[in-house]
Amino acid sequence: MGRYVARRLLQMIPVFLGTTLLIFLMVHSLPGDPVLAMFGDKGADPATLAAKRHELGLDRSLPVQYVTYMRDMILHLDFGTQIRNGLPVTDVLGGAFPITLQLAALAFAIELVFGIGLGIIGGLRAGRLADNLILIFTLLIISIPVFVLGYIIKMVFAFNLGWIAPNVSTEPVLSEMIAPAIVLGGLSLAYVARLTRTSMAENLRADYMRTAVAKGLPRRRVIGVHLMRNSMIPVVTFLGTDIGALMGGAVVTEAIFNIHGVGGVIADSISRREGATLVGLVTILVIVYLVTSLLIDLLYAVLDPRIRYA
Amino acid sequence: MPDVTKTATAVEDAVATPSVDASAPAAKQEKARSLWGDAWADLRRNPYFIVSSILIALLLLVSAWPTLFTSASPTAGDLVHHFLSKPELSKVGSPEWLGYDQQGRSVYARLIHGTRASVTVGVAVTAIVTILGGVLGMIAGYFGGWVDALLSRLTDVFFGIPFLLGSMVVLQAFVERTVWVVVFALAFLGWTQITRVMRGAVITVKQADYVHAAKALGAGTVRILFRHILPNAMAPVIVVATIALGGYISAEATLSFLGLGLAAPTVSWGVDISAGVAQIRVAPHVLLWPSIMLSLTVLAFIMLGEAVRNALDPKLR
Amino acid sequence: MSITDKTAAVPAPRGGDHTGPLLEVKDLHVEFHTRDGVAKAVNGVNYSVNAGETLAVLGESGSGKSVTAQAVMGILDMPPGKIPQGEILFRGEDMLKMSEEERRKIRGRKIAMIFQDALSSLNPVLNVGYQLGEMFRVHHGMSKKDAKVKAIELMDKVKIPAAKARVNDYPHQFSGGMRQRIMIAMALALEPDLIIADEPTTALDVTVQAQVMDLLAELQQEYNMGLILITHDLGVVADVADKIAVMYAGRIVEQAPVHELYKRPAHPYTRGLLDSIPRLDQKGQELYAIKGLPPNLLKVPTGCAFNPRCPKADDICRTEIPALVPVTEQDGADLPGRKSACHFWKETIHG
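Residue numbers (this note's numbering), protein chains in the order written: chain A, 1 to 310; chain B, 311 to 627; chain C, 628 to 978.
Next up, the structure:
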């Protein structure tokens with residue numbers, strides 16, 4: 001086990017470096033000059049521009065910039081500064097992450113409870129009315145693009161019914177976040193429901209289920225212990241990989257409900273070519289992704305004793 | 311060691327490599343059906359398959375010959391037609407059927423002419439990622455060793471960048487965002503999914519006895535790959551690709567909505583939806599119809615993928 | 628995981644006040660409603676088992692032998708399965724008329740079952756100690772700790788080496804033979820009156836087969852249990868069974884005490900089965916095989932279902948279903964326990 005974790009951690013290093021380098025190169029190949037843009041229409045004399053570039057380290061070659069950036073990040077947790085206003089990127093992200101985390105956590109909770117709940121109902125009633133209704137519901141949710149779903153919910157609940165405010169306030173309370181969380185978690189909820197349903201329906205026919213019945217176990221034990229223990233394995237895997245995806249996917253939801261979280265920062269830094277901010281943000285998301293996938297693999301071994309780590 | 315592909319996505323997980331159900335006592339003994347033959351017999355009776363096939367055929371027809379469905383121009387607006395005037399739902403197929411947008415253009419005509427952009431993006435991205443991801447996945451899965459390690463890490467690198475965020479950055483690099491630019495942006499990060507699915511499927515199939523048998527009989531690598539492995543590893547790839555096609559269409563519209571995808575004067579549902587958002591309260595129909603078309607298209611491809619999966623996986627029957 | 632079911636922990640005294648056979652299946656019919664039509668898997672089966680007695684049910688796959696057992700056990704998938712008629716009497720009481728809860732209490736405690744493939748029949752994600760102990764926890768309301776002690780005792784009983792060390796292992800960590808012993812231990816846990824063993828040794832190596840069969844026979848004697856042994860392997864049957872029922876296309880075609888059957892089969896199908904056993908003294912000769920394929924249960928042939936494959940088939944075989952009638956000696960003397968469903972049983976047994 002220890003050796004396995006060590007090897008996985010080692011494997012993470014090239015992936016981590018590769019991903020950050022990739023996004024770094026992508027951002028730096030964007031056309032336009034962020035320093036020039038900083039001075040707006042007035043412009044500035046070449047000497048000032050050069051000085052500014054030198055100050056930001058933008059006059060050095062790309063590999064040097066990347067190495068410097070990564071060194072500062074790893075050694076000093078310094079993600080650089082924003083070109084536009086000189087704010088440290090850590091401050092910008094620190095201001096934006098909490099609200100996105102809240103949103104993602106709430107979305108995750110909704111997806112967990114309702115996704116698994118619907119999946120269990122569908123799985124146990126496979127082929128019957130409830131199952132078909134759930135199938136149609138989940139297919140619809142999967143088919144409706146997130147931003148369309150967002151506007152439908154906004155239109156119905158904010159404009160027609162007046163239950164919620166169309167935009168989330170700057171210091172949002174939990175109740176305000178419910179609608180955005182449903183929008184954000186909707187797609188994953190549908191996937192969790194489908195996955196749970198499929199997994200249960202498949203395991204229901206397993207030989208060990210027949211054994212459990214033959215042992216004279218009561219139905220709730222047959223389902224609750226024997227079936228669930230086996231059916232939840234793929235679901236847990238999906239849920240794990242979804243944590244990172246929710247945070248990355250928040251950009252659309254945040255735009256719809258005017259939430260000032262990571263999404264806003266992303267959109268902003270893409271249009272202003274704030275390389276340091278973007279790379280820093282992706283770095284955090286990549287770390288979340290790498291760590292969750294390692295944890296999922298380890299959890300997998302706990303849930304399924306047939307998996308052995310060498 | 312657990313396989314990375316196992317922890318990919320729900321779609322991938324739910325696709326099991328089909329196995330042949332040997333214990334069906336009531337199976338027709340008169341003629342043995344192959345996996346694909348069996349799947350086809352199953353599909354033909356599946357209402358989801360029939361509905362989605364008809365929808366997709368219709369969409370392809372509309373995108374190939376939009377003028378068959380409307381004579382009105384999608385771009386020529388006439389402010390005589392105010393966007394607040396009521397849509398005339400009884401006049402099916404006429405320019406005024408679904409009302410007009412803010413610039414007095416027929417919503418119906420734009421709907422019809424916007425089909426091509428969405429369908430092109432979906433089909434082209436899927437074709438590119440299936441070929442690219444399929445080849446890479448096959449190489450990684452079949453050869454294993456350092457080739458696999460290298461390709462898998464490369465896949466991990468591209469997979470690590472959030473899909474939407476990455477596409478946004480790529481699109482930002484282009485001044486003029488044509489359909490093909492959007493295709494490139496989506497395919498740039500999209501190939502990883504197929505690569506993982508294909509790799510997993512090939513690894514499973516590679517261990518099958520008939521592959522060992524073919525090797526023992528002296529079949530060459532190319533022959534084994536294309537005659538023995540590919541046909542048996544295709545099923546999960548086809549399913550994932552079909553479902554992903556719907557996802558790409560949805561992603562194209564989402565990027566337009568974020569202001570980074572297709573933009574006017576290109577006619578597309580995404581463009582219309584993002585334009586319609588501004589008038590959501592006064593003229594919801596401008597937003598509504600392209601949203602419905604978009605969702606219906608995505609639904610058609612997802613339903614098709616689901617139907618094919620159920621048909622190919624005897625365990626789910 | 629604290630769902631413990633307290634059920635009445637007072638088992639009825641062994642034997643009870645019922646005097647007849649332990650289990651009696653009467654005119655049982657089972658059909659499956661499938662996409663392609665109704666498959667008649669069992670068409671009027673009768674058999675009985677006494678305490679301490681072993682009944683072997685013989686037949687190829689699709690003959691209905693497993694389906695009958697599943698109906699007795701109450702683990703048929705319904706739907707698509709359906710029991711349109713018949714009775715299954717356990718100690719004289721028809722189990723088909725019982726409530727689901729009453730039947731559940733019989734399962735595992737009074738009638739237990741051993742399945743063919745122990746690897747897939749044991750839950751892969753629960754350790755064997757848990758799965759064995761579950762019997763005691765659910766049926767006797769025992770604590771988790773006591774149940775584990777009992778599980779170790781059981782594993783000792785079925786001769787699993789180092790039971791104490793292995794009680795927390797998972798099914799996939801055991802060898803095939805050891806896994807089947809765990810299945811047997813699980814069936815034996817509550818000392819049931821009747822055990823149904825569905826091809827218990829088919830998935831095992833030949834050497835291990837004998838060990839497992841011996842163990843089963845030994846334990847059966849010890850507890851004086853009834854045993855229904857379902858198999859397609861005539862070799863397994865000879866040593867352990869008291870009587871045999873041969874099934875074909877959902878019917879019993881021949882019934883006989885075990886040695887009688889081997890000596891003088893009274894049905895061409897049984898004869899065919901016996902002739903297709905490889906024998907050392909016939910080395911070098913071509914092995915006999917019953918021609919044709921098992922019948923399609925959606926379209927069972929008219930008359931005797933065996934007629935398309937039968938070397939003795941005549942016109943009557945294609946029109947009339949032969950009844951299961953008592954078989955007698957040539958002089959008409961009684962042959963107790965012998966029955967055959969062949970129009971030409973006389974020629975078959977005496978000819």
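Cβ coordinates follow ideal geometry from the N, Cα and C atoms, glycine included. In this text the structure is predicted, and so the values were computed from the model without any measurement.
If you draw a straight line from the C-alpha of Tyr208/A to the C-alpha of Asp704/C, how long is it? Their backbone Cα atoms lie some 14 Å apart in a straight line.
What do you reckon, are the CB atoms on Met840/C and Thr828/C nearer than 8 Å? Taking 8 Å as the cut-off, the Cβ atoms of Met840/C and Thr828/C count as close.
| request: Establish whether the CB of Ser416/B and some CB of chain A are separated by less than 8 Å. | output: So no, Ser416/B is outside the interface.
- Task: Determine the direct distance from the alpha carbon of Leu118/A to that of Val669/C, and round the result to whole angstroms.
- Result: Cα to Cα, Val669/C sits roughly 38 Å from Leu118/A.
* Asked: Touching or not, the region 228-235 of chain A and the region 456-466 of chain B, by the rule of three or more beta carbon pairs under 8 Å?
  -> In short, these stretches do not touch, since the Cβ pair count stays below three.
Cβ-based burial, Glu680/C [other Cβ within 10 Å; buried from 16]:
The residue in question, Glu680/C, is buried, as its Cβ has 16 or more Cβ neighbours within 10 Å.
Query raised in the report: Run through DSSP, which three-state label would Arg965/C get?
Result: In the structure shown, Arg965/C sits in a strand (DSSP, three-state: E or B).
For Lys791/C, is the classification buried or exposed, using 16 other Cβ atoms within 10 angstroms of its Cβ as the cut-off for buried? It counts as exposed.
Beta strand (DSSP E) containing Arg878/C: first to last residue?
-> From DSSP, the beta strand (DSSP E) with Arg878/C extends over 878-884.
Exercise. Cβ of Ala318/B less than 8 Å from any chain A Cβ?
Worked result: With a pLDDT of 34 at Ala318/B, under the threshold of 50, the predicted position of this residue should be treated as unreliable, though the coordinate-derived value follows. At a cut-off of 8 Å between beta-carbon atoms, Ala318/B makes contact with chain A.
query: Is any beta-carbon of chain C found at less than 8 Å from that of Lys215/A?
result: Output row for Lys215/A: interface = yes.
Practice prompt. Flag this pair as touching only if the region 729-748 of chain C and the region 807-826 of chain C have three or more C-beta atom pairs under 8 Å; answer yes or no.
Written response: Taking a cut-off of 8 Å on C-beta distances, the region 729-748 of chain C touches the region 807-826 of chain C, as three or more cross pairs fall below it.
| request: Give me the Cα-Cα distance between Lys966/C and Glu729/C, rounded to the nearest whole angstrom. | output: Each residue's Cα considered, the two are about 34 Å apart.
Taking only the alpha-carbon atoms, compute the straight-line gap between Ile548/B and Gly224/A and give it to the nearest angstrom. Distance from the CA atom of Ile548/B to the CA atom of Gly224/A, rounded to whole angstroms, is 34 Å.
Exercise. Can you say whether Ser802/C is buried or exposed, counting buried as having 16 or more other CB atoms within 10 angstroms of its CB?
Key: Burial call: exposed.
(Q) Contact between the region 553-571 of chain B and the region 251-258 of chain A is defined here as three or more beta-carbon pairs at a separation below 8 Å; is this criterion met? (A) The region 553-571 of chain B vs the region 251-258 of chain A: in contact.
### Query
Out of curiosity, what's the CA-to-CA distance linking Ala419/B and His595/B?
Taking the straight line from one Cα to the other gives about 14 Å.
* Would you give the residue range spanned by the alpha helix (DSSP H) that Ser747/C belongs to? => Segment 745-748, the alpha helix (DSSP H) holding Ser747/C.
Could you compute how far the alpha carbon of Gln589/B sits from the alpha carbon of Val445/B? Rounded to whole angstroms, Gln589/B to Val445/B spans 46 Å at the Cα level.
| task | Output yes or no for whether 8 Å exceeds the beta carbon distance between Ser282/A and Ile23/A. | result | Note on residue identity: the sequence assigns Val, not Ser, to residue 282/A. Remark: C-beta atoms of Val282/A and Ile23/A approach each other more closely than 8 Å.
Notebook entry, point to check: For a contact meaning CB atoms closer than 7 Å, what does Val286/A contact in chain B?
Noted result: In chain order: Gly470.
Would you say Phe494/B reaches chain A, if we count a Cβ-Cβ gap shorter than 8 Å as a contact? No - not a single Cβ of chain A is within 8 Å of the one on Phe494/B.
Leaving aside the five residues before and after Gly647/C along the sequence, list all residues of the same chain whose C-beta is less than 7 Å from its C-beta, in chain order. Excluding sequence neighbours, Gly647/C sits near Gly719.
(Q) In this structure, how does DSSP classify Gly919/C when only helix, strand and coil are distinguished? (A) When secondary structure is reduced to three states using DSSP, Gly919/C falls in the coil class, being assigned neither helix nor strand.
ask   = First and last residue of the beta strand (DSSP E) that includes His656/C?
value = 650-661 is the span of the beta strand (DSSP E), which, as asked, contains His656/C.
- Task: Report whether the distance from the Cβ of Gly708/C to the nearest heavy atom of the ligand FMN is below 7 Å.
- Result: Questions concerning the ligand FMN fall outside what the structure shown contains, since it holds no ligand whatsoever.
**Asked** Expressed to the nearest angstrom, what Euclidean distance is found between the alpha-carbon atoms of Gln838/C and His859/C?
**Response** Cα-Cα distance, rounded: 18 Å.
| said: Just to confirm, is the Cβ distance from Thr440/B to Tyr558/B under 8 Å? | reply: Contact: no.
According to the Cβ coordinates, are Asn258/A and Val168/A closer than 8 Å? Taking 8 Å as the Cβ cut-off, Asn258/A and Val168/A qualify as a contacting pair.
Check whether the Cβ atoms of Met508/B and Gly451/B sit closer than 8 Å, and answer yes or no. Cβ atoms of Met508/B and Gly451/B: closer than 8 Å.
query: Taking Cβ to Cβ, would you say Ile142/A is nearer than 8 Å to Ile134/A?
result: In this structure, Ile134/A does not lie closer than 8 Å to Ile142/A by Cβ.
Practice problem: Return the CA-CA distance between Ser690/C and Gly185/A, expressed in angstroms with no decimal places. | Solution: Approximately 51 Å, taken between the alpha carbons.
List, in chain order, every chain C residue whose beta-carbon is nearer than 7 Å to that of His226/A. Listed by position along chain C, the residues whose Cβ is nearer than 7 Å to that of His226/A are Asn750.
Going along chain B in order, which residues have a C-beta closer than 9 Å to the C-beta of Leu22/A?
Here the neighbours are Val467, Phe468, Gly470, Ile471, Gly476.
Practice item. Find the nearest neighbour of His522/B within the set Val532/B, Gly510/B, His538/B, judged by alpha-carbon distance. Key: The residue with the shortest Cα to Cα distance from His522/B is His538/B.
*Who does Thr81/A pair with in a DSSP beta bridge?*
Assignment of beta-bridge partners to Thr81/A by DSSP yields Pro88/A.
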